[in-house]
Amino acid sequence: MNRLFSLAILLSAASLASAQPSMDGSLIGDEAFYGPALSVQNTKTGYGDAQNGDPVNGGGGSEIDQVFATVSGDRLYVLIAGNLEPNYNKLNVFIDSTAGGVNTINGASLPTGMDAFCCGQTDPSVDPGDGALQRLDGLTFDAGFTADRYLVFSNGFENVNARDSGGGAVDPDEPQLTFWAVNAHMADLTQGSAGAVQGLGYQLAHRGLPNPLRTPFDYNQNGQIDAADYTVWRDSLNDEGDSAADGNNDGVVDQIDYDNWANNYGKSTGLSGTAYAPQNGSEQISEKLLSAESFPGLNQGDLIDKNYAMGDGGCTNNEGDGCVAEELEFALDAAADEVNNGSNHRGYLNTADLRMAFDNSNTQGVAGSGSLPWATDGADNPADVTTGLEFSIPLSELGNPAGQIKLMAFIGNGSFDYMSNQFSGAGLQDANLDQVLINAGGPPLGSLADIPGDQFVTITLPSLASAGAAAAPEPGAVILLAAGLVTGALTRRRAPSVAWPS
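Here the sequence shown stands for residues -19 to -1, 1 to 483, where the numbers follow mature numbering (1 follows the signal peptide of the UniProt record, and there is no 0).
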């Protein structure tokens, strides 16, 4: 009986050791995993209010409502609940995980090229001394916060093959492809200007799903927009509610749905089909855009990078030949004969084993405001927001921390020279910071330490993690040990009980 009781304990330990959240950009189902929020917003957003509910194009607005984070196994998991407008607004995340790091961003002594395409450049080599850290020069964190790693997330409507290999006008043989993507970048701040900087990768669908977005006008969902879809539309005309023939998802099957079908006739909705970019912020359409065909070898939460594109993604060269979907070209390096990266390839490489997912569907949380008072009131409900940007990263990429991890997040504009009022931690209860804390046209007028409370959250590592990975058995080892106990219990049921050490 004692042996079976011990077996139950070991099986429970195996379950806990292997537990991890669904990487889908949502707290739902993972409440116990993450525990209570580490911070809840107290400031109305000065960056617009998303009101659409579409998981990709939320209709405008950026906000940080809640921050959740925990460590499980050998990874840090973070969920920043809120919205991020698909106009390349940046979710900036600084992590203090080891001794050292920087308390003030000094762009001259930190790596260049962080998210180097941020500022309208098609070729970052045009100004190799620029980047996110140079734009944020002068920013000083709270006392006791020294950043070791810097992550940036943004989303918007990208394009590839916009120009010919000579960098000239649009090439009719290589038409511009427009698509939505959410991307991630990372920089090491512990090695001065020699710190590693890398564009890690991107995803092409909400919730980290491994599917591209395709036209929603394939009403019979057979992978092709053809005459059979007209029959579905005709038989559903004037129907209201959830209908396969309501391509624009406005609640009724009407002439617009016919026109959309006719204008897209002949297109494929598989991987080889043409991307559909949901740029209309008034439509709640993205759930209908998911292709039924997923990318081979790609799982929910995985990033697309050039290794994937050149592997399971089928690409055979940096011109994009053989790619199973045109959007994969975005991950590739520029072709050798290109001038100023006319193809707009990005050379993504997920050197950090980052996983992520983004759900932009929130319509709750803090309201948008353009004037005082900025403090939240009864009209705001940030504690009810459960969707946003979720990511996980190995502790080894954070320097193998052995105590506490501090995380500071804020939203800023696409060119890193304007800061919003949406921060993690204690909150500002004030207007957008603009350029007040950075060296842009003049010296900073203060620091985050001048704002009451800490604008960061603290994650405490489990005791086993702080003792080192060798102190805890791998989940597989625990399961094998449990299996051995099962065998022992079944074949030696009359054996004496084992006195396990306490």
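Every residue gets a Cβ at the ideal spot worked out from N, C-alpha and C, and that includes glycine.
Q) Quick check: the stretch 360 to 374 against the stretch 430 to 440, are there 3 or more CB pairs under 8 Å? A) Between the stretch 360 to 374 and the stretch 430 to 440 there are fewer than three C-beta pairs closer than 8 Å, too few to call the two in contact.
**Q.** residue 315 beta carbon less than 7 Å from that of residue 160
**A.** Mapped onto the sequence shown, residue 160 falls at position 179. Mapped onto the sequence shown, residue 315 falls at position 334. Not in contact: residue 160 and residue 315 (Cβ atoms no closer than 7 Å).
Q: Determine the direct distance from the alpha carbon of residue 54 to that of residue 77, and round the result to whole angstroms.
A: Residue mapping note: residue 77 aligns to position 96 of the sequence shown, counting from 1. Residue mapping note: residue 54 aligns to position 73 of the sequence shown, counting from 1. Taking the CA atoms as reference points, residue 77 sits about 19 Å from residue 54.
(Q) Between the alpha carbons of residue 167 and residue 22, how many angstroms are there, rounded? (A) For the purposes of this step, residue 167 is taken as the residue at position 186 of the sequence shown. For the purposes of this step, residue 22 is taken as the residue at position 41 of the sequence shown. Cα-Cα distance, rounded: 25 Å.
Q. What span of residues does the alpha helix (DSSP H) with residue 77 cover, start to end?
A. If you number the sequence shown from 1, residue 77 lands on position 96. First-last for residue 77: 71 to 77, but that is the beta strand (DSSP E), not the alpha helix (DSSP H).
Q: From the DSSP output, in three-state form, read off residue 375 for me.
A: The sequence position of residue 375 within the sequence shown is 394, counting from 1. Residue 375: strand per DSSP, three-state reduction.
(Q) By the DSSP assignment, the beta strand (DSSP E) with residue 47 in it spans what residues? (A) Mapped onto the sequence shown, residue 47 falls at position 66. For residue 47, the enclosing beta strand (DSSP E) stretches over residues 44 to 53.
Q: Measure the alpha-carbon distance for residue 453 versus residue 382 and round it to whole angstroms.
A: On the sequence shown, position 472 is the one that residue 453 refers to. On the sequence shown, position 401 is the one that residue 382 refers to. Because the pLDDT at residue 453 is just 39, under 50, the model does not fix this residue reliably, and the value given afterwards should be weighed accordingly. Rounded to the nearest angstrom, the two C-alpha atoms are 16 Å apart.
Q | Three-state secondary structure assigned by DSSP to residue 290 | A | By one-based count along the sequence shown, residue 290 stands at place 309. Residue 290 carries a helical assignment under DSSP once its states are collapsed to helix, strand and coil.
**Q.** Neighbourhood of residue 43 by C-beta, 6 Å cutoff - its chain only, sequence neighbours within 5 removed
**A.** Residue mapping note: residue 43 aligns to position 62 of the sequence shown, counting from 1. For residue 43, where only same-chain residues beyond five positions count, the Cβ hits under 6 Å are 28, 64, 65, 66, 70, 392.
Q | Cβ contact (3+ pairs, closer than 8 Å) linking the stretch 347 to 355 and the stretch 190 to 201 | A | Output reads no: the stretch 190 to 201 does not touch the stretch 347 to 355.
**Q.** Nearest residue (CA-CA) to residue 336, options 284, 380, 352, 299
**A.** Locating residue 336 in the sequence shown gives position 355, where the first residue counts as 1. Taking only the C-alpha atoms, the option nearest residue 336 is 284.
Q. How big is the Cα-Cα spacing for residue 133 and residue 61?
A. Here residue 133 refers to the residue found at position 152 of the sequence shown. Here residue 61 refers to the residue found at position 80 of the sequence shown. Residue 133 and residue 61: Cα-Cα distance of roughly 13 Å.
Q: Could you say which of 387, 426, 438 lies nearest to residue 407 if we only look at CA atoms?
A: Taking the sequence shown and counting its residues from 1, one reaches residue 407 at position 426. Among 387, 426, 438, the Cα nearest to that of residue 407 is on 438.
Q: Rank 409, 436, 331, 400 by C-alpha distance to the C-alpha of residue 181 and give the top, closest one.
A: Here residue 181 refers to the residue found at position 200 when the sequence shown is read from its first residue. The alpha carbon of residue 181 has as its nearest neighbour, out of 409, 436, 331, 400, the alpha carbon of 331.
Q) Between the Cα of residue 126 and the Cα atoms of 273, 301, 434, which residue gives the shortest distance? A) Position 145 of the sequence shown, counting from 1, holds the residue named residue 126. Selected option, being the one with the closest Cα: 434.
Q. What residues are listed by DSSP as bridge partners for residue 56?
A. Taking the first residue of the sequence shown as position 1, residue 56 is located at position 75. BP columns for residue 56 point to 53, 375.
Q: Specify the secondary structure class of residue 242 as computed by DSSP and reduced to three states.
A: For this step, residue 242 is matched to residue 261 along the sequence shown. Of the three classes helix, strand and coil, the one that applies to residue 242 here is helix, per DSSP.
Q) Is residue 80 closer than 7 Å to residue 95 when the C-beta atoms are compared? A) Here residue 95 refers to the residue found at position 114 of the sequence shown. Here residue 80 refers to the residue found at position 99 of the sequence shown. The answer is no: Cβ separation not under 7 Å.
**Q.** Sub-7 Å separation of residue 324 and residue 142 beta-carbons
**A.** What you label residue 324 is simply residue 343 of the sequence shown in a count that begins at 1. What you label residue 142 is simply residue 161 of the sequence shown in a count that begins at 1. Result yes, Cβ atoms of residue 324 and residue 142 sit closer than 7 Å.
**Q.** Alpha carbon of residue 214 to alpha carbon of residue 163, nearest angstrom
**A.** Mapped onto the sequence shown, residue 214 falls at position 233. Mapped onto the sequence shown, residue 163 falls at position 182. The alpha-carbon atoms of residue 214 and residue 163 are separated by roughly 33 Å.
**Q.** Close-in-space but distant-in-sequence residues of the same chain around residue 291 (CB under 8 Å, 5 per side omitted)
**A.** Residue 291 sits at position 310 when you count from the first residue of the sequence shown. The residues are 297, 313.
**Q.** Of the listed residues 231, 299, 338, 306, nearest to residue 322 (C-alpha basis)
**A.** Numbered from its first residue, the sequence shown carries residue 322 at position 341. The residue with the shortest Cα to Cα distance from residue 322 is 299.
Q | Residue nearest to residue 184 in terms of C-alpha spacing, selected from 1, 5, 418, 443 | A | Indexing the sequence shown from 1 puts residue 184 at position 203. Its Cα nearest to that of residue 184, the residue 5 stands out among 1, 5, 418, 443.
(Q) If I follow the unbroken alpha helix (DSSP H) through residue 217, where does it start and stop? (A) In the sequence shown, counting from the first residue as 1, residue 217 sits at position 236. 208 to 217 is the extent of the alpha helix (DSSP H) around residue 217.
Q.
Which runs of the alpha helix (DSSP H) at least 4 residues long sit entirely within the stretch 162 to 236? Give them in chain order.
A. If we require 4 residues or more, the alpha helix (DSSP H) runs fully inside the stretch 162 to 236 come out as 208 to 217.
**Q.** Given residue 368 as reference, the closest of 250, 10, 320 once Cα atoms are compared
**A.** By one-based count along the sequence shown, residue 368 stands at place 387. The closest CA to that of residue 368, considering only 250, 10, 320, is found on 10.
Q) Cβ atoms of residue 203 and residue 275: under 7 Å apart, would you say? A) In the sequence shown, residue 275 corresponds to position 294, counting from 1. In the sequence shown, residue 203 corresponds to position 222, counting from 1. The answer is no: Cβ separation not under 7 Å.
Q | Simplified DSSP state of residue 264, which is helix, strand or coil | A | Sequence index remark: in the sequence shown, residue 264 carries index 283 (1-based). Correct three-state label for residue 264: coil.
Q. So what does DSSP say about residue 13, is it helix, strand or coil?
A. The count along the sequence shown starts at 1 and reaches residue 13 at position 32. In the displayed model, residue 13 falls within a helix according to three-state DSSP.
Q. Among 413, 305, 418, which residue has its Cα nearest to the Cα of residue 355?
A. Translated into positions along the sequence shown, residue 355 becomes position 374. Comparing Cα-Cα distances from residue 355 to each of 413, 305, 418, the minimum goes to 413.
Q. Can the beta-carbon of residue 420 be found closer than 7 Å to that of residue 37?
A. By one-based count along the sequence shown, residue 420 stands at place 439. By one-based count along the sequence shown, residue 37 stands at place 56. With a cutoff of 7 Å on beta-carbon distance, residue 420 and residue 37 are scored as not near each other.
**Q.** Through-space distance from residue 35 to residue 211, alpha-carbon basis
**A.** Within the sequence shown, the letter at position 230 stands for residue 211. Within the sequence shown, the letter at position 54 stands for residue 35. So the alpha carbons of these two residues sit roughly 26 Å apart.
Q. What separation, rounded to the nearest whole angstrom, lies between the Cα atoms of residue 92 and residue 397?
A. For this step, residue 92 is matched to residue 111 along the sequence shown. For this step, residue 397 is matched to residue 416 along the sequence shown. Whole-angstrom Cα-Cα distance: 15 Å.
(Q) Let me make sure I understand the geometry here. Which of 128, 50, 258, 363 has the alpha-carbon closest to that of residue 269? (A) For the purposes of this step, residue 269 is taken as residue 288 along the sequence shown, with counting starting at 1. Taking the Cα of residue 269 as reference, the smallest distance to any Cα among 128, 50, 258, 363 is reached at 258.
Q.
Quick check on the burial criterion: 16 or more other C-beta atoms within 10 angstroms. Buried or exposed for residue 353?
A. Translated into positions along the sequence shown, residue 353 becomes position 372. Exposed, by the Cβ-count rule.
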